[in-house]
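S.K.:
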Amino acid sequence: MGLHLADWCRKVGMEVVAACDRDPERRAVARAQLSGAVLVERWEELLEHRLDGVVLANDFDEHAPLAIAFLDRGVHVLSESAACVDAAEGERLITAADRSSATYSFAENYVAHPHVRLIRQAIEAGELGRISLIEADYLHGMSPAEVAGLIGDPAHWRGRIAPTAYCTHTLSPVLALTDAWPVEVSAFPVDEADPRAAVVMAVRLSTGALALTRHGFLQGEPDSHWSWISVRGTKALAESVRAAGERAWSVRVRTEGWATPEGHAREEERTPPTLTLAGEPVARRVEGTVRVLRAFRATMEHGEPPLVPVRPAVAASLVGVAGAESLANGFRPVPVPVMTTGPR
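Per full-length UniProt numbering, the very first residue in the sequence shown carries number 1; after that it's consecutive.
(1) Quick test of the definition: if touching needs 3 or more C-beta pairs under 8 Å, does the stretch 265-281 touch the stretch 112-127?
(2) Going by CA-CA distance only, name the one from L56, G36, A37 that's closest to M1.
(3) Please confirm whether A83 and A64 have their CB atoms less than 9 Å apart.
(4) Am I right that T170 and T213 are in contact with their C-beta atoms under 8 Å? What's the rounded C-beta distance?
(5) Within 10 Å of its beta-carbon, does W249 have 16 or more other beta-carbons around it, so buried, or fewer, so exposed?
(6) So, using beta-carbon positions, are R291 and L307 closer together than 9 Å?
(7) Tell me the DSSP secondary structure of L5 in three-state form.
(8) Closer than 6 Å by C-beta to F296: which residues in its own chain qualify, once you throw out the five before and the five after it? Chain order, please.
(9) Is R31 a contact residue of the ligand COA, with contact defined as CB to any heavy atom under 8 Å?
(10) Excluding five sequence neighbours on each side, which residues of the same chain lie with their C-beta closer than 7 Å to the C-beta of V314?
(11) Three-state secondary structure (DSSP) at G159?
(12) Under the rule that 16 or more other beta-carbon atoms within 10 Å means buried, what is T289, buried or exposed?
(13) Put S206 into one of helix, strand or coil per three-state DSSP.
(14) Apart from the five residues just before and just after M142, which ones in its own chain have a Cβ nearer than 7 Å to its Cβ?
(15) Could you tell me how far apart the beta carbons of L71 and A102 are, in whole angstroms, since I believe they sit closer than 8 Å?
(16) I'd like to confirm the pairing. Which residues does DSSP put opposite I119 in its beta bridges?
(17) Between F60, A69, A187, which has its C-alpha nearest S81's C-alpha?
(18) Just checking my contact of A19 with L34 at CB under 8 Å: how many whole Å lie between their CB atoms?
(19) Determine, using beta carbons only, whether A198 and L210 come nearer to each other than 9 Å.
(20) Who are the Cβ neighbours of P343 in its own chain at under 8 Å, not counting the five residues just before and after it?
(21) Since R27 is in the alpha helix (DSSP H), which residue starts that stretch and which ends it?
(22) What are the residues that DSSP puts in a beta bridge with A211?
(23) At what residues does the beta strand (DSSP E) containing H113 begin and finish?
(24) Report yes if the C-beta distance between E239 and T255 is below 9 Å; otherwise report no.
(25) Buried or exposed: N109, going by 16 or more other Cβ atoms within 10 Å of its Cβ?
(26) Where DSSP assigns a beta bridge to L139, which residues make up the other side?
(27) Thinking just about the alpha-carbon of each residue, which of N58, R242, L118 is nearest to the one in R158?
What follows is the structure in structure tokens.
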């Protein structure tokens, strides 16, 4: 993921001057691809470089300590998921971001995916009314052997995290679309015979709405980069289309007859506009990444607010922490630690 992001950083106009990897073979690959960049083995060595910003693409459960260290050096941070692994670490991260002269951004590309943006437009236009139910999937239809190779490998981060932990690709879009905070979560394994493979979480939001999120490994993965979103409001429904190929990025909007001026049901399918970079169309699955990196550059260069700032990043990550507690305690509801003091 680090090299992938470095490549796209350069494509959106950022200069990649240094990179870090503990693996010498991967450093060699990076050296060949990142001409002129300094390659180091230990991330602490990067603290001595004069950096404007840093992209953290290390293991899932190791981001916060690095983010805090760079923020304390006045370096802008773009961090992959998860933002933190528990409430105490989340509090330390927020404190570091608040006191820093630099900014913290969450590299949550699913917030900026084409279908999520289309749904956001419908919400902002008032088409859906007050949101009451929102559902989000992040699912991989891998073979049992492939799944076992990931979550059954203690040397891989997927093998050591809770099955609820990798939740921000669902929760971050949920929070962004509803402008809400998570209040309480109940988590359930999908299949008791294989409880680590997939989970469903029911999350009560601060607006009173309910979010249902499904993530992990189940058959029938969406072609929209493994993501599917559905939002039901008091006036209408908007959801990404369950279809193969390009149509998976489109959005179905359904309004019942009682809510339309003409008195009969109205349904349409909306296709997102194409995003271009240097005059060329960007592949749908990469649009979110390009928008995240463009936003990070604008934050560093022009002081624009982060696309996903520290508090929503921590809040989304802590849903997975509370979900793990729910799983371990008979699926009972567990409060999500409050991280909403200060600016959003």
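Idealized CB from N, CA, C, for every residue including glycine.
M.R.: The structure says:
(1) yes
(2) L56
(3) With contacts defined by Cβ atoms closer than 9 Å, A83 and A64 form a contacting pair.
(4) With 8 Å as the limit, T170 and T213 qualify as a contact, their Cβ atoms being about 4 Å apart.
(5) buried
(6) Yes, the Cβ-Cβ distance between R291 and L307 is below 9 Å.
(7) Residue state, collapsed to three classes: helix.
(8) L78, S105
(9) The model depicted lacks the ligand COA and carries no ligand whatsoever.
(10) For V314, where only same-chain residues beyond five positions count, the Cβ hits under 7 Å are A83, C84, G90, L93, I94, M339.
(11) helix
(12) It counts as buried.
(13) Three-state DSSP puts S206 in coil, outside helix and strand.
(14) F217
(15) 6 Å
(16) Bridge partners of I119: none, in fact.
(17) Closest in C-alpha terms to S81, from the list F60, A69, A187, comes F60.
(18) 6 Å
(19) Against a cut-off of 9 Å, the Cβ pair of L210 and A198 comes out as no contact.
(20) Low local confidence applies: a pLDDT of 47 at P343 is under 50, so the model's placement there is unreliable, and no value is given.
(21) 24-33
(22) I134, V203
(23) Neither: H113 is in no beta strand (DSSP E) and is coded neither H nor E.
(24) no
(25) buried
(26) According to DSSP, which records beta bridges pairwise, L139 is partnered with G216.
(27) N58
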